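Residue numbers (the working numbering): 3 to 347.
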């Protein structure tokens, strides 16, 4: 299955009866999160909000959520029929996670349609929800591919980490130093007294969040593994202000730097986490200082509701279920345990 951008993914979902367009006005303040929660509980379709209060016109007017909120849609994203057996899906992921096709850098792409710097940078120009009433603010990064580069090996990592709008050009983020791969990168920059370059990719092929949220080994570049899943190199473009590459057909890319200087930290949290708990009190966090935003014409914002409750799914739980089952099965095979027929997490 070749790479697809977010718009092709939306078209596929609509063709398969897995998308609902919401044309009634909905408020980004809590209402989008409430609607998304109810639909996820009922294993309903992905939602494309097209009439968001305060965003009926302007830079960005649409929001997609729930694209991977059910195993049917995950199967579609990986190129399979919707009723594929769990065993087949997990075995496919086991195999592809061990393969690699490196990306290809191209000159430009639709993500460069609009390039914003300086006073033009404003995260609130995008319809970022406040997903849950206990959360500390508007979380712009819930489903973004967060791209960093190992300063020593030059290998890029793509992960998913939460980030909340601070000011128009700042984003305090949950960065676990040493425990996450981008946290390991952060410590290497900090040891040299340098801020870490970061690029956050919002809205692209669904293979990006699927692999960005997976526990691939340190030193493995997710762009390479995405290429293996799609059978061709991912086409990336160079960022404008940081030494990183991002998908040429992404909807939105936010570039910037994160310093280890506590004087630059801003308050972040609480947040309704994937575990189903509201985490933390407002806490000073490493903060991304935005240097550039690039986006397609009429971009589509993408985010997800976390905080899985008993009896309901989230996109994170659907993706993690398959990825962690594949990794567990590989571990069992590596330990020489015979007779394993299926793994479900």
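C-beta: ideal position from N, C-alpha, C; glycine also. As the structure is a prediction and not an experimental result, all values here were calculated from the model.
Using a threshold of 8 Å, state whether the C-beta atoms of residue i and residue j are closer than that.
| i | j | result |
| --- | --- | --- |
| residue 305 | residue 134 | no |
| residue 99 | residue 344 | no |
| residue 349 | residue 136 | Since the first residue shown for the chain is 3 and the last is 347, residue 349 is missing from the structure and cannot be characterised. |
| residue 211 | residue 321 | yes |
| residue 254 | residue 205 | yes |
| residue 67 | residue 307 | yes |
| residue 143 | residue 164 | yes |
| residue 183 | residue 297 | no |
| residue 105 | residue 225 | yes |
| residue 76 | residue 239 | no |
| residue 268 | residue 287 | yes |
| residue 138 | residue 284 | yes |
| residue 35 | residue 131 | yes |
| residue 85 | residue 315 | no |
| residue 162 | residue 215 | yes |
| residue 176 | residue 237 | no |
| residue 92 | residue 328 | yes |
Could you say which of the options lies nearest to residue i if we only look at CA atoms?
| i | options | result |
| --- | --- | --- |
| residue 82 | 334, 15, 217 | 15 |
| residue 28 | 167, 58, 202 | 58 |
| residue 5 | 318, 174, 249, 267 | 249 |
| residue 244 | 228, 215, 293 | 293 |
| residue 154 | 160, 189, 175 | 189 |
| residue 399 | 258, 301, 296, 315 | This structure leaves residue 399 out entirely; the chain is present only between 3 and 347. |
| residue 97 | 340, 181, 331, 339 | 331 |
| residue 158 | 284, 12, 201 | 201 |
| residue 128 | 264, 237, 52, 11 | 52 |
| residue 119 | 316, 18, 329, 242 | 242 |
| residue 412 | 93, 247, 186 | Because the chain here runs from 3 to 347, residue 412 falls outside it and cannot be looked at. |
| residue 55 | 25, 46, 141 | 25 |
| residue 3 | 207, 266, 187 | 207 |
| residue 79 | 147, 191, 8 | 8 |
| residue 141 | 216, 223, 30 | 30 |
| residue 171 | 109, 110, 266, 123 | 123 |
| residue 360 | 126, 181, 223, 180 | Missing from the structure shown is residue 360; the chain here goes from 3 to 347 and no further. |
| residue 228 | 10, 152, 103 | 103 |
| residue 45 | 69, 333, 339 | 69 |
Quick check on residue i: buried or exposed, where buried means 16 or more other Cβ atoms within 10 Å of its Cβ?
| i | result |
| --- | --- |
| residue 342 | exposed |
| residue 251 | buried |
| residue 299 | exposed |
| residue 303 | buried |
| residue 346 | exposed |
| residue 167 | buried |
| residue 173 | buried |
| residue 12 | buried |
| residue 150 | buried |
| residue 47 | buried |
| residue 263 | exposed |
| residue 1 | This structure cannot speak to residue 1, because the chain is shown only from 3 to 347. |
Can you name the residues that DSSP bridges to residue i?
| i | result |
| --- | --- |
| residue 131 | Beta-bridge pairing links residue 131 to no other residue. |
| residue 155 | Beta-bridge pairing links residue 155 to no other residue. |
| residue 31 | 132 |
| residue 287 | 268 |
So does residue i have its beta carbon nearer than 7 Å to some heavy atom of the ligand FAD?
| i | result |
| --- | --- |
| residue 178 | Ligands in the displayed structure: none, and consequently the ligand FAD is not present. |
Examine the Cβ distances between the stretch 229-236 and the stretch 268-287 and report whether three or more of them are shorter than 8 Å.
no
Three or more C-beta pairs closer than 8 Å, one from the stretch 258-269 and one from the stretch 191-198: is that the case here?
Touching, yes.
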